[in-house]
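Heads up, the thing below is written out as structure tokens.
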């Protein structure tokens, strides 16, 4: 890898070459330039490229995600393509059969798009607004916590625990999500707190 | 991992046992291929199946699932009998010469102190003899009968190649070949790497499987060196991070621990966490525990955590049992003792053992909250899917709220890979529909609770209303803000005690390293081992410089590795006692006469003299442990225990069933097949396929096309015996449930001869369910037993008993 130009450097050099040298030096006129510009441009010109890592196993292969629209500029961005990052020391551009199909999980028909509720005894999910769902959750938590919180054990020791609620945390969320989750869950006194480390 | 994926290229011998990297970690496995191609390294695979890793191995040995410890203790016996030990390393860097207390013993599969009723040990004799100077007594001549070496030698002596074959089913010649290949790495200039995953963890003695190989790596001098190490390949993309940040019942970020109710106050808590050195001059780095703990409490509760209230010690819940792990949580749920449960990106109805029990438990909840980017079986546990999920929704009162979350491509943040690299990633796309980040959801829950507790009061509101939540947008904290909290910051100015005019730390600044954290409340850090990841110099996790001086594989400027950007932990052990590299062609760090220097960040104080300070700085001994004192529940040395469901009795201790201290709930014991059961005669194991990731990719069209349908793998011999046709339907059942699958009759699985009796193996991939793009199918956890590892409660998915018969397939 050290012997190679990085892909980005290569593109920069090549791009400058095309614009500054080839077209001009070979005497292309305005018509040819117009023709050249109609040829389907390289995807890096038309899409936003973002660095990410694969969501599956913890080899954590580097990936490049290409989108129409630039999220960083506040635009709506539609992901069009995902490929391995050739600059990444571990995977050097390669992906496995799961990583190669990452676009499919991002765009899966099984993606959840809005909050839903299944009421007691019902055989279906119904739509619910974010606010209504979150209010319901918070109220249920407060009621259960107030009813079942154990401030002291039988020996009079302060234990401040809440055992009738539990939280199973994820394994593909970021460290930052994990810490926000940790803070909120731990502050309630929940002890049945676990993650996917075992499975 | 002690090392990294890119370091595997430096090895001479790769042992894949308890994993299948070519299949489950394909792009990391390329570093094995690299080592083979450029160094002439050899690959050995030991597995019940001839896996995709075995297909490219230099040598393959079959083994019966659940007998790895017998195999590995057999290797240790071989190393001792043939004197294939890197003695200079072992004598300098392990507790081989430490004297164990009088009274310690081992007999018939049990150590001293066993209480059968409690299924637990009194571990007081499992410790060193302490001398009048307060330090552990050591006999470097190894003559003392109770020194660790002599106890170990005696302990492993029973595991002869003959006994190994009788227990494991590995033919003696194959066992000896593998042992001799490993033994060659006792040379200071040859290294072996151990690559393992859930094939070792998912047993009732999973922790001891790993410990056993760690002992071998120490005896061979392979820890802390390039191309060596104990390399847990790990499963999910950030399971390392979630564990580092302590999202477990008994953890505080950075491997600190939640107090128990036997520690009623902070002094009692700290009294067992002093980590006084057990030998002179040792760093015993956990002596800094209080600094990390107080800094964590300051990160959580800011101004409300003060010296006067013992840093808000009472804000933390106190445990009454060792852990509220997920198995215990579902047991409580089943007993009707759990009312509300959250599943964040987690599908427990598929992921934990005994699906029928899990479904029964979920139906007793009042409220189940799902946060997930995808549909899951758990969210729809109440829905009737015929044989795939029999349910009567009208009888299930659980309310389920399903919240759509963003996925990896739609958020910024860091994930920790198996080599401990914290890699930052950037959002690329707009989330679908009304999906929101988890940070938004957690913030909303917190803000609502806080508001209600402020307004109406209630049970102990303090830890909720005083939680630090000073984000720019409290409704959705930004990943950068959270990362900065994890790194840690200075709360109040700190001045040099020798020169009060000199400000050492300035309030409001990010801390550069955990070395500056303090126990007086002047610093805060969410997760001390991450300190250095987001400093005043910026986000170190976002670094993308792939330069690698002299091609060592370290990549120090790519992202950030915990701790302290160190790529190979224990790296001081890459040098001999005088600080000279064991192998000049694989130098890592070295002593230059005044300080430690080299390619990696030294894992020792920079000026610690090599002869004085041991490399295992986290241990009070300064050395590593072949005898692990009372730190593991099931023994200071590993012992071969059969799985709870085993086709044979334990040859070395026929009276011991499973792991004698593994926790088993009453109802679950009744659901285990008997030892050597005639009703369930076949040894089953579960595993992943390269085309699928757990229960996610069945939601992908592409992956569902690649592996569309549930199948089980059996040998040609078993197929013949049971008249099962390749690609025909079979029914497989255990004492807990029954599944229909297509049969895949293969040469990759063969019966093993175990103590004169053939044992057939049934292989069961785990990926199917009743939602998704793939064909409906059964998950493996319909069959698996509800019991976990004695130390960490990882379920025993890898070894259980089933029966099998030809079938006409499921009737919908």
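Chains as they are written, first to last, in the working numbering: chain A, 1 to 199; chain B, 1001 to 1812.
Quick reminder that beta carbons are idealized off the backbone N, C-alpha and C, glycines included.
Measure the alpha-carbon distance for residue 1763 (chain B) versus residue 1064 (chain B) and round it to whole angstroms.
Straight-line Cα distance between these residues: approximately 12 Å.
Hey, is residue 1118 (chain B)'s beta-carbon within less than 8 Å of any beta-carbon in chain A?
No, residue 1118 (chain B) lies away from the interface with chain A (no Cβ there is under 8 Å from its Cβ).
Within this structure, are the beta carbons of residue 1222 (chain B) and residue 1627 (chain B) separated by less than 8 Å?
Result no, Cβ atoms of residue 1222 (chain B) and residue 1627 (chain B) do not sit closer than 8 Å.
Taking the alpha helix (DSSP H) that residue 1200 (chain B) falls in, what are its first and last residues?
Counting along the chain, residue 1200 (chain B) sits inside the alpha helix (DSSP H) bounded by residues 1198 to 1201.
Flag this pair as yes or no: are the beta carbons of residue 207 (chain A) and residue 1024 (chain B) separated by less than 8 Å?
There is no way to answer for residue 207 (chain A), as the model of chain A reaches only from 1 to 199.
Closer than 8 Å to chain A by CB, residue 1234 (chain B)
Put simply, the CB of residue 1234 (chain B) is near chain A, with a gap under 8 Å to one of its CB atoms.
In angstroms with no decimal places, state the Cα-to-Cα distance between residue 1111 (chain B) and residue 1612 (chain B).
Roughly 34 Å between the two C-alpha positions.
Closer than 8 Å by beta-carbon distance: list the chain A residues that pair up with residue 1691 (chain B), in chain order.
Under the 8 Å cutoff, chain A gives 97 and 98.
Opening and closing residue of the beta strand (DSSP E) in which residue 1740 (chain B) lies:
Note, residue 1740 (chain B): beta strand (DSSP E), 1738 to 1746.
Is there a Cβ of chain A sitting closer than 8 Å to that of residue 1005 (chain B), yes or no?
Cβ-Cβ to chain A under 8 Å: yes for residue 1005 (chain B).
Would a C-beta distance cut-off of 8 Å place residue 1045 (chain B) and residue 1080 (chain B) closer than the cut-off?
Result no, Cβ atoms of residue 1045 (chain B) and residue 1080 (chain B) do not sit closer than 8 Å.
Decide if residue 1705 (chain B) is buried, meaning its Cβ has at least 16 other Cβ atoms within 10 Å, or exposed.
Label assigned to residue 1705 (chain B): exposed.
Starting from the beta carbon of residue 159 (chain A), find every residue of chain B whose beta carbon is closer than 8 Å, and list them in chain order.
Near residue 159 (chain A) (Cβ distances below 8 Å), the residues of chain B are 1261, 1317, 1318 and 1320.
In terms of residues, what are the limits of the alpha helix (DSSP H) holding residue 1327 (chain B)?
Counting along the chain, the alpha helix (DSSP H) containing residue 1327 (chain B) begins and ends at 1326 to 1334.
If you run the structure through DSSP and keep just helix, strand and coil, what is residue 1701 (chain B)?
Here residue 1701 (chain B) sits in helix by DSSP.
Should residue 1087 (chain B) be labelled buried (16 or more other beta-carbon atoms within 10 Å of its own) or exposed?
Classification for residue 1087 (chain B): exposed.
Evaluate residue 1455 (chain B) with the Cβ neighbour count: other Cβ atoms within 10 Å of its Cβ, from every protein chain shown; 16 or more gives buried, anything less gives exposed.
With fewer than 16 neighbouring CB atoms inside 10 Å of its own CB, residue 1455 (chain B) falls in the exposed class.
Contact defined as beta carbons within less than 8 Å: I believe residue 1384 (chain B) pairs with residue 1393 (chain B). What is the distance between those atoms, to the nearest angstrom?
Yes, residue 1384 (chain B) and residue 1393 (chain B) are in contact; Cβ-Cβ is about 7 Å, under 8 Å.
Can the beta-carbon of residue 1021 (chain B) be found less than 8 Å from the beta-carbon of residue 1195 (chain B)?
In contact: residue 1021 (chain B) and residue 1195 (chain B) (Cβ atoms closer than 8 Å).
Could you give the DSSP three-state label for residue 1078 (chain B): helix, strand or coil?
Three-state result, residue 1078 (chain B): helix.
Which first and last residues belong to the beta strand (DSSP E) in which residue 207 (chain A) is found?
Given that chain A is displayed from residue 1 to residue 199, the structure contains no residue 207 (chain A) and the question cannot be resolved.
With DSSP run on the structure shown, which of helix, strand or coil describes residue 1124 (chain B)?
Coil.
What in chain B is Cβ-close to residue 120 (chain A), meaning under 9 Å?
What residue 120 (chain A) touches in chain B: 1366, 1396, 1397, 1398 and 1399.
Figure out for me which residue from B:1438, B:1047 and B:1382 has the closest Cα to the Cα of residue 184 (chain A).
If we check each option's Cα against that of residue 184 (chain A), B:1438 comes out closest.
Unbroken alpha helix (DSSP H) run spanning residue 1156 (chain B), endpoints
Unbroken alpha helix (DSSP H) run through residue 1156 (chain B): 1148 to 1156.
Inter-residue Cα distance where the pair is residue 1758 (chain B) and residue 1699 (chain B):
If you draw a straight line from the Cα of residue 1758 (chain B) to the Cα of residue 1699 (chain B), it comes to about 39 Å.
Is residue 176 (chain A) close to chain B? Criterion is C-beta to C-beta, closer than 8 Å.
Output row for residue 176 (chain A): interface = yes.
Which residues in the same chain as residue 1184 (chain B) place their Cβ atom closer than 7 Å to its Cβ, once the five residues preceding and following it in sequence are excluded?
Closer than 7 Å at Cβ, skipping near neighbours: 1190.
Have a look at residue 1539 (chain B) and residue 1283 (chain B) and give me their C-alpha separation to the nearest angstrom.
Each residue's alpha carbon lies about 29 Å from the other.
Can you give me the Cβ contacts of residue 1137 (chain B) inside the same chain, cut-off strictly under 8 Å, excluding the 5 residues immediately before and after it?
Contacts found: 1098, 1099, 1128, 1129, 1130 and 1131.
Helix, strand or coil: which one does DSSP assign to residue 1212 (chain B)?
The answer is helix: DSSP assigns residue 1212 (chain B) an H, G or I state.
Beta-carbon separation of residue 1398 (chain B) and residue 120 (chain A) under 8 Å?
Yes, the pair counts as a contact, with Cβ atoms nearer than the cut-off.
Endpoints, alpha helix (DSSP H) assigned at residue 1803 (chain B):
Where residue 1803 (chain B) is concerned, there is no enclosing alpha helix (DSSP H), although the beta strand (DSSP E) it sits in stretches over 1800 to 1806.
Cβ of residue 183 (chain A) within 8 Å of any chain B Cβ
Residue 183 (chain A) counts as touching chain B.
Boundaries of the beta strand (DSSP E) in which residue 118 (chain A) is found, first to last residue
It spans 116 to 118 - the beta strand (DSSP E) in which residue 118 (chain A) sits, taken as one unbroken run.
Between residue 74 (chain A) and chain B, is there a C-beta pair that is closer than 8 Å?
For residue 74 (chain A), the closest Cβ of chain B is not nearer than 8 Å.
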